[in-house]
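To start, the structure itself, in structure tokens.
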Amino acid sequence: MIIRAFSDLEVYSMSYQTLRKVAEENGKFTGELLRENCDFVGYMFLDSVNQTFEPCLSRICDILYLYLIKVQPNENKIPLTQSELANLASASRAQMERSLKILREEQIIETARGYIKVLNREKLFTHCTRGVHENI
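Residue numbers (UniProt numbering): 1 to 136.
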């Protein structure tokens, strides 16, 4: 499985036996691990449903909005290229261009080389899927 990260991070690898020992010895860690696992499974389910049933515009808005509130809550500039965003949203280049054109015309975003700037979070949120609305 390949997981893409929105930001720099550190990854640790350990055997199942080591993880089990750490979890048994540290209840707080076990709780955090379970919470993160549930969040990840929920995200993967929501993502698969979105890619099947939701329009490209909504998927793009979900990605941009979640990035803003989860990764960089005090920043409106998202360091993603349009190509990277299309890849994350499982969208074709044409779908991506149409969706970004709508968002630019509504003065929700500005695009530049290597980043997307969100001008209006509230308007962006109105284009998000019901799944994002219910879980924020």
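For each residue, glycine too, the CB sits at the ideal point set by N, CA and C.
For clarity, every value in this text was computed on a predicted model and none was experimentally measured.
Range covered by the alpha helix (DSSP H) that runs through residue i
| i | result |
| --- | --- |
| K123 | 121-126 |
| E134 | 130-135 |
Beta-carbon gap between residue i and residue j smaller than 7 Å
| i | j | result |
| --- | --- | --- |
| S99 | I60 | yes |
| Y65 | I78 | no |
| K123 | I108 | yes |
| L57 | H127 | yes |
| M96 | A86 | yes |
Integer-rounded CB distance, given that residue j should sit under 8 Å from residue i
| i | j | result |
| --- | --- | --- |
| K117 | E110 | 5 Å |
| T129 | D62 | 6 Å |
| Y115 | L88 | About 14 Å separates the two Cβ atoms, so there is no contact after all. |
Proximity winner among the options, relative to residue i (alpha-carbon distances)
| i | options | result |
| --- | --- | --- |
| L9 | S83, V71, N135, K77 | V71 |
| N74 | R121, S15, L80 | R121 |
Three-state class that DSSP yields for residue i in the structure shown
| i | result |
| --- | --- |
| T81 | coil |
| L19 | helix |
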